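Enquirer:
Chains as they are written, first to last, in the numbering used here: chain H, 1 to 116; chain Z, 1 to 109.
1. Find the nearest neighbour of residue 101 of chain H within the set Z:39, Z:90, Z:3 and Z:62, judged by alpha-carbon distance.
2. So the beta strand (DSSP E) residue 42 of chain H belongs to, where does it begin and stop?
3. Along chain H, in chain order, which residues have C-beta atoms closer than 9 angstroms to that of residue 25 of chain Z?
4. Closest by CA to residue 40 of chain H, which one among Z:109, Z:107, Z:108 and Z:102?
5. Under 9 angstroms Cβ-Cβ, which residues of chain H neighbour residue 31 of chain Z?
6. Taking 8 angstroms as the CB-CB cut-off, is residue 9 of chain Z touching chain A?
7. Spatial neighbours of residue 52 of chain H within its chain, please: CB distance less than 7 angstroms, with the 5 preceding and 5 following residues excluded, ordered by chain position.
8. Would you identify the three-state DSSP class for residue 58 of chain Z, choosing helix, strand or coil?
9. Among H:10, H:3 and H:63, which residue has its Cα nearest to the Cα of residue 112 of chain H?
10. Can you check which of these residues, H:4, H:115 and H:90, is closest to residue 30 of chain H by C-alpha distance?
11. When you compare each of H:33, H:13 and H:76 to residue 99 of chain Z by their alpha carbons, which one comes out closest?
12. Quick one: grab the DSSP three-state call for residue 36 of chain H.
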């Protein structure tokens with residue numbers, strides 16, 4: 001398996017533009033996570049899905065952020081409109097399980113977003 | 001405070017041992033993990049320990065768990081330049097998988 005795939009790896013955009021980040025989880029993994037990493041706030045969980053259904057989006061910072069998972073092999077995180085404070089590295093991760101018990105999350109390489 | 005806390009930075013000389021510390025709040029956490037993030041990459045599971053264990057050793061890595069104090073540590077023996085990375089403690093805490101803020105380890109020659 002190729003692991004978790006994210007695209008693009010780098011995105012530079014101007015304030016006010018729409019940004020779409022993409023993720024392909026590992027086949028067979030029922031859980032998909034979107035994280036944001038910044039120097040100031042560390043690693044934050046934005047939202048996670050179970051079997052394509054959003055379970056907890058309490059980490060999504062604002063209505064400008066939305067995430068979808070139309071099928072088991074694809075998810076998007078959209079920011080519209082983007083702002084400079086959204087600049088961060090966004091990670092997608094997937095796992096077989098979540099919650100109590102052993103569960104290893106597999107991370108993609110991340111998308112480095114810069115909003116000018 | 002945060003559910004999982006770590007110191008932010010550690011500098012260590014090549015060949016010395018590194019010790020990275022983590023404290024957590026949920027005493028019912030059953031699995032505790034250490035992830036490693038190398039520059040420009042995502043996080044990767046390094047090792048983990050089950051809560052009924054006090055210690056787990058894996059080659060140069062030793063994980064110590066003090067459940068009473070809710071303290072987890074990762075010791076890296078004979079630290080190499082390739083160990084320079086950010087290390088994240090993670091626990092299943094309060095029904096969620098919680099990561100610490102990460103400890104940046106810098107290995108100097």
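By construction, the Cβ of each residue, glycine as well, lies at the ideal position given by its N, Cα and C atoms. These numbers were taken from a predicted model, which means no experiment stands behind them.
Expert: Answer, in terms of the structure:
1. Mapped onto the first chain, residue 101 of chain H falls at position 101. Among Z:39, Z:90, Z:3 and Z:62, the Cα nearest to that of residue 101 of chain H is on Z:90.
2. Here the question's residue 42 of chain H lines up with position 42 in the first chain. Looking at the DSSP string, the run of the beta strand (DSSP E) that includes residue 42 of chain H is 42–50.
3. Indexing the second chain from 1 puts residue 25 of chain Z at position 25. Going along chain H, no residue has its Cβ under 9 angstroms from residue 25 of chain Z, so there is no contact; the nearest lies around 16 angstroms.
4. Counting from one through the first chain, the residue named residue 40 of chain H turns up at place 40. For the residues Z:109, Z:107, Z:108 and Z:102, the minimum Cα distance to residue 40 of chain H belongs to Z:102.
5. If you number the second chain from 1, residue 31 of chain Z lands on position 31. Residues of chain H passing the Cβ test: 100, 101, 102 and 103.
6. Within the model displayed, chain A is absent; protein chains H and Z are what it includes.
7. Counting from one through the first chain, the residue named residue 52 of chain H turns up at place 52. Same-chain partners within the cutoff: 69, 71 and 72.
8. The residue you call residue 58 of chain Z lines up with position 58 of the second chain. Residue 58 of chain Z falls in the strand class under three-state DSSP.
9. As a working mapping, residue 112 of chain H is identified with position 112 in the first chain. Here the closest residue by C-alpha is H:10.
10. For the purposes of this step, residue 30 of chain H is taken as residue 30 along the first chain, with counting starting at 1. Ranking H:4, H:115 and H:90 by Cα distance to residue 30 of chain H puts H:4 first.
11. For the purposes of this step, residue 99 of chain Z is taken as the residue at position 99 of the second chain. Nearest C-alpha to residue 99 of chain Z: H:33.
12. Position 36 of the first chain, counting from 1, holds the residue named residue 36 of chain H. Residue 36 of chain H falls in the strand class under three-state DSSP.
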